[in-house]
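Structure first, commentary second.
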């Protein structure tokens, strides 16, 4: 059914009443009134009455219409108010979502950097503890942007040894002796906060306090955590917010610092186990070499001399730390196959028979086979196998020549020949240093690798051969 609008209804009512009143009122008056003067007067009254009646009718019609409009307006205002409130809530939610998204993006970037750092540790396994801690601090500062400054230190024999600092004066800090008893919250669990650099400054002497404050930037707050290995504090990471900064440490940064502390603890535990294992391996191999020296009375100290000299040559050639270490171990065990050579042949003072020499020439093969069964040493077995090969191809056991001979084997060949020439043997006396040098020079490019022999001769010129003995003990990162 067609529903008319209010304004149309009002107009139609007005028209019906108007036309009806005019038409029917005139008809009625003509029926009863014949006098024209009286008729005109009544029509005036009729018009006034019509105006009054229509005004009353329109009043009620408009009143109803306006009341409906007011009610609709009130409803619209209520709905509009709800919409405004809903929009405010939506705006608030959107702002919170934007803030959460930015926070998540920030956290995501931090975790990506952390993952990259952890992944890169495989390539940094040769770093010593100080190098690792220095690298660690720079990564922490990058991943926790709230921190403006930072410092990291080892704790040894009750004393703090500053390793690295960002923002603070590391050179000045290294000159200040601070004991672990002066550290705030020492040996506590988790992350701690302070406005005093993580150190109880009042516990320091006046001179130390002055030097300490001079070495450090002014800060608003410090956040710090201990690095522990087997419940023993071995170091500490400390981060600082600059004095006038509006930044603050939060729960997220706390968790990140805890993660880095755990990472540092794992690195220390691994390094110390690896060092212990290295010492054990060295002592075990040294014991085997001692047995060989008892077995072969003329080669006392030979293996260790060859190992140390080989390492010096490898360093002189600029080889990687890993290769230098492999060169040392290969030199150390290069003759263990001689344990299978009959003692009467090994210590024979007369000239060897051909078959006896053939037996001795098998010792590189026997050495290599023994090492090939070791998970730790099998990668150096080939170096030991080829340490008696010659540059010109006339060596043994396979007659390799030139660059077909592994570089480490080339180095050991020079070191082995030098120590053999300058030591007494069952079949001859030692050569003089000058005569041995001449042999190396004369056989460079025939018996010996030109590159390895040249490096050895440079060491002679530098007079560094005196550093051969016990060089291993001082070699960085080996144990």
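In the UniProt record's numbering, the protein residues as written are 1 to 479. Ideal Cβ positions, reconstructed from N, Cα and C, are used throughout, including at glycine.
Cβ shell of residue i (< 8 Å), same chain only, five flanking positions each side left out
i	result
residue 188	226
residue 268	129, 227, 229, 234, 235
residue 356	345, 348
residue 462	none
residue 421	430, 431, 435, 436, 439
residue 460	437
residue 198	183, 184, 185, 192, 222, 224, 236, 238
residue 441	453, 457
residue 393	399, 400, 401, 402
Neighbourhood of residue i by C-beta, 6 Å cutoff - its chain only, sequence neighbours within 5 removed
i	result
residue 221	195, 241
residue 13	none
residue 1	Note that residue 1 scores a pLDDT of 43, beneath 50, so its modelled location is shaky; the value from the coordinates is reported in the next line. Within the same chain, residue 1 has no close Cβ partners at all.
residue 449	391, 410
residue 15	none
residue 368	381, 384, 385
Endpoints, alpha helix (DSSP H) assigned at residue i
i	result
residue 194	Premise fails: residue 194 lies in the beta strand (DSSP E), 192 to 194, not in any alpha helix (DSSP H).
residue 328	321 to 333
residue 368	363 to 372
residue 390	Note, residue 390: premise wrong, no alpha helix (DSSP H); not H, not E.
residue 341	Element bounds for residue 341: n/a, residue is neither H nor E.
residue 520	Since the first and last residues shown for the chain are 1 and 479, residue 520 lies out of range.
residue 386	Unbroken run through residue 386: none, as it is neither H nor E.
residue 135	129 to 143
residue 211	206 to 215
residue 357	354 to 360
Same chain only: Cβ atoms within 7 Å of residue i, ignoring 5 sequence neighbours per side
i	result
residue 8	none
residue 476	Caution applies to residue 476, whose pLDDT of 37 falls short of 50 and renders its modelled position unreliable; the value that the coordinates give is listed next. Counting only Cβ-Cβ distances below 7 Å, and skipping sequence neighbours, we find 128.
residue 246	none
residue 162	151, 153, 170, 173, 174
residue 168	149, 151, 215, 216, 217
residue 271	129
residue 69	none
Among the options, the one whose alpha carbon lies nearest that of residue i
i	options	result
residue 172	127, 151, 84, 341	151
residue 446	248, 402, 341	402
residue 414	164, 451, 178	451
residue 444	434, 174, 457, 433	457
residue 47	25, 57, 250	25
residue 249	19, 202, 38, 144	144
residue 407	17, 61, 453, 79	453
residue 166	201, 243, 139, 328	139
residue 307	244, 368, 419	419
residue 57	18, 76, 82	18
residue 243	91, 359, 146, 83	146
Residue i and residue j closer than 8 Å at C-beta
i	j	result
residue 365	residue 397	yes
residue 212	residue 237	no
residue 370	residue 395	no
residue 255	residue 303	no
residue 386	residue 400	yes
residue 159	residue 179	yes
residue 326	residue 380	yes
residue 323	residue 330	no
residue 320	residue 411	no
residue 264	residue 136	yes
residue 21	residue 45	no
residue 417	residue 317	no
residue 210	residue 201	no
residue 164	residue 206	no
Identity of the residues DSSP links to residue i by a beta bridge
i	result
residue 311	Per DSSP, none; premise fails for residue 311.
residue 200	According to DSSP, which records beta bridges pairwise, residue 200 is partnered with nothing at all.
residue 159	156, 179
residue 166	150
residue 444	448
Delimiting residues of the beta strand (DSSP E) encompassing residue i
i	result
residue 421	Unbroken run through residue 421 is the alpha helix (DSSP H), 407 to 421; no beta strand (DSSP E).
residue 229	219 to 229
residue 236	232 to 242
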